[in-house]
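Those protein sequences? They're chains X and A, same order as listed.
Numbered by the working numbering, the letters in the first sequence go through residues 1 to 280 in order.
Numbered by the working numbering, the letters in the second sequence go through residues 1 to 280 in order.
Ideal placement from N, C-alpha and C gives every residue a C-beta, glycine not left out.
For clarity, every value in this text was computed on a predicted model and none was experimentally measured.
Some notes on the structure that comes next.
Protein chains: 2
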Amino acid sequence: MAGGPIREEAVHEKKSQLVSDRSDSRFSLLRSLQTYKGRAQTGRYLIEGIRHVARAWDERVPIETLFIESSALQNPYGQKLARRIRQTNVPLVRLAPRLYQELTRANEPQGIGAVLRQQWSPITPIDLTRTCFWLAVESVDLPGNLGTILRSAEAAGVSGVIFIDDGADPHDPACVRATMGALFSLKLVRCTLREFGDWARARDVAIVGSSPRGLMGYRQFRCRWPSVLVIGSEREGMSDELSDLCDFVLKIPMCGNSDSINAAVAAGVLLFELAGQRPG
Amino acid sequence: MAGGPIREEAVHEKKSQLVSDRSDSRFSLLRSLQTYKGRAQTGRYLIEGIRHVARAWDERVPIETLFIESSALQNPYGQKLARRIRQTNVPLVRLAPRLYQELTRANEPQGIGAVLRQQWSPITPIDLTRTCFWLAVESVDLPGNLGTILRSAEAAGVSGVIFIDDGADPHDPACVRATMGALFSLKLVRCTLREFGDWARARDVAIVGSSPRGLMGYRQFRCRWPSVLVIGSEREGMSDELSDLCDFVLKIPMCGNSDSINAAVAAGVLLFELAGQRPG
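Right, here's the structure in full:
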C-alpha cells in the first residue's frame, strides 16, 4: 500500500459536512459523471468500490475527490483505505444514504468511490520499440465488453490503447468496473481515423484487423513488430474506412454451427496470440 | 430453415386458450424451470427469444412446448417461426401480458420462448478419436460466464462438455442466453469427480488444468490427444481433488499489474489454443 506513513487516526468525518440535498453541486457533479456529456465536459470520471479505489491508490493515480457513505462502508479494509486517503488531504464528500443509493451502480454497494481525472496522451509522440504492440478500438457496443477487453489488453502487455474517433468511452462506469482497475495502468490515446492512419504509416506500424471474412487464420499470421490490433463493433465489425487501412485481416476459424464467439473472448484470443508471439 | 413445407396460414391462436391465471399449472411449470430445483425435477429447461427458438428449430431439437405473448411478438420473422412450429403440432401456451412480464428475463422481450428437454449423455460409452478434445467444468460462479464459455467451446470444436458433480448448471436461463444457441449442438455429460477420473485414466485422456500457479505457460504445452481441459470457479479455481487429477497445469502469463483476466476470456484463450494445435 502506497501513501506514506500511516497514522491510525479516525477519519475526521465530522469536518466534512454531510451532503443530503440533491441540488448540492457536489452531488450534481458526481451524477453528471455517469453521463458521457458530463465526463466529456469535465475530463473526470467515477470509480466505485474498495477494489477500484485501492488499486487507484496503489498505482498512485491522483484522486480528486473521495466519496463515502458511512453506513454502507462497513468493510474494515475499506474504512482503513478511506482514512489513509483522507490523510493526504484529498477532499471528502460524505453522501446521505438516499443520495448514495441514487448514485451507486454496484450490485453490492460498498460505500466508497472516487472522482479521477481522465489521462489522455497525444498520438504523435508515441515512442515505438520493435517489440511493442497496441490495441485500437473503433467502436464497442457494450461498455462491459469494452472493459473486459481493456483488462485483457493490459494483462497481454499492450503498450497502450488508441480510441479512434468517439465510438467508445473507456470511462463509462460499466466499462471502468469491468476493467477491474486495469484502466489505471493503460496509456490511453484518442485521435481521428485519419490521424491514426497517418501515425501507423509514418512509423511503419502494421494495422491488424479481424473479421469472420478475414482471409488469414489468426494462428498463421506472423507478427511483424510494431503492430496494432484494431477492434470494431460487436454487431457491425470494423467500418469500411478502417478495413481499408488494415494491412492484415485475420479470422478466428470456428467449428460447429456457431458463426461467432463473444466479442471480448475474440479480442482476448487475438491479444494473447500477439502477446505470445513477442520475442522473449 | 427446417420443418417441412410451409403453409402461410394464420396461427390458430384461438384454439389455444389464453393463460392468465398465475395458479394455472402451465404457468407454474414455466416458472419452476427458472429454478434449479424445477429443472432438476422435470429434466426440462426454458429458452427465450427469436434467435434461440429459431436455432433450436434449425437444429431439430425437439420442442416440447412453445409459449408466446402475442402483443410482444411483433417481429414478422418471429411470427412466421411461431406458425411453422405450430404446424408440427407442438403444444402452444399463450400467456397473458402480465404473466409473460413476470416470466421473461430478457432485456427486450420478444414474446416467444420454448420448453426443451435436457439432453444428457452417459460418460462411459464416449467414443474417443485421436484428435478429440473435451471441456470439463467443475464450477463456474456466474451463469453468464458459463454460457460464454460453452459458446467458445462449441466454436473451438470440443467433442462435448463434462459437468463434474453439480457445481454448474448449463440450463440456467442466464447461461442458456449467453450460449447464443451453442448449447443445442453440444454433447453434455454429468458425472462425479471419481467417474471423471476413472474415465480419463481408463482411456488415456490427458487432464489439463489451468491456474495462475501453473508451472507451464499455455503456449509451451504441446497437446497430446485426446485431452480434456478442466475449468474451476472464477474465485476459487479448481478444487484440490481436481487439481490432483491433472496431468498438466497451465498458466496464462500476464503482464502489468493485473493478476487475472475475465474467466470466460481465459477459458477462450485456452480452448482456442488447444483447438489450434489439432492436426489438420
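Beta-bridge pairing by DSSP links serine 210 of chain X to X:Leu250.
Boundaries for tyrosine 218 of chain A: no alpha helix (DSSP H) harbours it, and the DSSP string shows neither H nor E there.
Taking a C-beta cut-off of 9 angstroms against chain A, the contacting residues of the stretch 238–260 of chain X are Ile252, Pro253, Met254, Cys255, Gly256, Asn257, Ser258, Asp259, Ser260, listed in chain order. For serine 25 of chain A, there is no enclosing beta strand (DSSP E); the enclosing alpha helix (DSSP H) covers residues 25–32.
Glycine 160 of chain A and leucine 66 of chain A have their C-alpha atoms roughly 27 angstroms apart.
The beta-carbon of aspartate 58 of chain A is placed less than 9 angstroms from the nearest beta-carbon of chain X.
In the three-state DSSP reduction, glutamate 64 of chain A falls in the strand class (E or B).
Counting every other CB atom within 10 Å of its CB across the protein chains shown gives tyrosine 100 of chain X a total of 16 or more, marking it as buried.
Residue-level contact by beta carbon holds for threonine 148 of chain A and chain X, with a gap shorter than 9 angstroms.
Listed along chain A, no residue sits closer than 9 angstroms to arginine 105 of chain X by beta-carbon distance, the nearest being about 16 angstroms off. For methionine 238 of chain X, the number of other beta carbons within 10 angstroms of its own is at least 16, and it is reported as buried. Scanning chain A for C-beta atoms nearer than 7 angstroms to the C-beta of glycine 268 of chain X yields Ile261, Val265, Gly268, Val269, reported in chain order. One Cα belongs to tryptophan 120 of chain A, the other to isoleucine 63 of chain A, and the distance between them is close to 16 angstroms. Counting along the chain, glycine 147 of chain X sits inside the alpha helix (DSSP H) bounded by residues 143–156. Closest by C-alpha distance to threonine 35 of chain A, out of A:Ala156, A:Arg213, A:Asp169, A:Pro109, is A:Asp169. For leucine 245 of chain A, the uninterrupted alpha helix (DSSP H) segment begins and ends at 240–245.
Within chain A, the residues whose beta carbon sits less than 7 angstroms from that of glycine 276 of chain X are Arg219, listed in sequence order. Note: cysteine 191 of chain X is bridge-paired with X:Ile164 in the DSSP secondary-structure output. Between the alpha carbons of serine 23 of chain A and leucine 33 of chain A lies a gap of roughly 15 angstroms. Nearest to phenylalanine 248 of chain X by C-alpha distance, out of X:Gly268, X:Gln220, X:Cys255, is X:Gln220. Of the residues X:Arg190, X:Arg39, X:Ala178, the one whose Cα lies closest to the Cα of leucine 135 of chain X is X:Arg190. When beta bridges are read from the DSSP output, glutamate 48 of chain X appears opposite X:Gly113. Spanning the alpha carbons of serine 258 of chain X and glutamate 59 of chain A requires a straight line of approximately 12 angstroms. According to DSSP, glycine 237 of chain X shares a beta bridge with X:Ser233.
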